[in-house]
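In our numbering, the protein residues as written are 4 to 103. Heads up, the beta-carbon is just placed ideally off N, CA and C, and yes, glycines get one too. Owing to the predicted nature of the structure, the values given are computational and were not obtained by experimental measurement. Reading through the structure tokens given below for one structure.
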């Protein structure tokens with residue numbers, strides 16, 4: 004998977020507070036890993052479910068990951084997180100999925 008210009012989407016239930024904080028955490032992790040995203044978007048699950056196939060990677064809380072099965076079938080990498088604010092967990096998961 005190309006590391007430059009990948010598109011990332013982070014989702015939370017309402018698309019306001021948690022997803023914005025998750026986006027900021029992801030920005031820290033991507034900077035640390037020297038990955039320059041082409042697109043970085045945060046939104047609510049309702050938008051995320053339909054928009055997910057347009058992104059290379061979707062990150063969300065672990066309990067929401069199963070909502071993105073259709074996007075996975077179309078090639079989107081879906082990463083469920085136990086702690087959506089954890090820099091360490093996010094970095095580990097990106098590496099596990101071959102993104103870093």
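TODO: Would you mind sorting residue 88 into buried or exposed? The rule is 16 or more other CB atoms within 10 Å of its CB.
DONE: On the chain shown, position 85 is the one that residue 88 refers to. Exposed, since its Cβ has fewer than 16 Cβ neighbours within 10 Å.
Task: First and last residue of the uninterrupted beta strand (DSSP E) at residue 35 - done: Taking the chain shown and counting its residues from 1, one reaches residue 35 at position 32. No beta strand (DSSP E) contains residue 35, which is instead part of the alpha helix (DSSP H) from 20-35.
Open item on the list: I'd like to check one pair, residue 14 with residue 43: are the Cβ atoms closer than 8 Å?
Closed with: Position 40 of the chain shown holds residue 43. Position 11 of the chain shown holds residue 14. No, Cβ-Cβ distance for residue 43 and residue 14 is not below 8 Å.
TODO: Alpha carbon to alpha carbon, how far is residue 46 from residue 19? Give it in angstroms, no decimals.
DONE: Position 16 of the chain shown holds residue 19. Position 43 of the chain shown holds residue 46. Their backbone Cα atoms lie some 7 Å apart in a straight line.
Open item on the list: My output table needs one value for residue 76: the three-state DSSP class, helix, strand or coil.
Closed with: One-based indexing of the chain shown puts residue 76 at position 73. Helix at residue 76.
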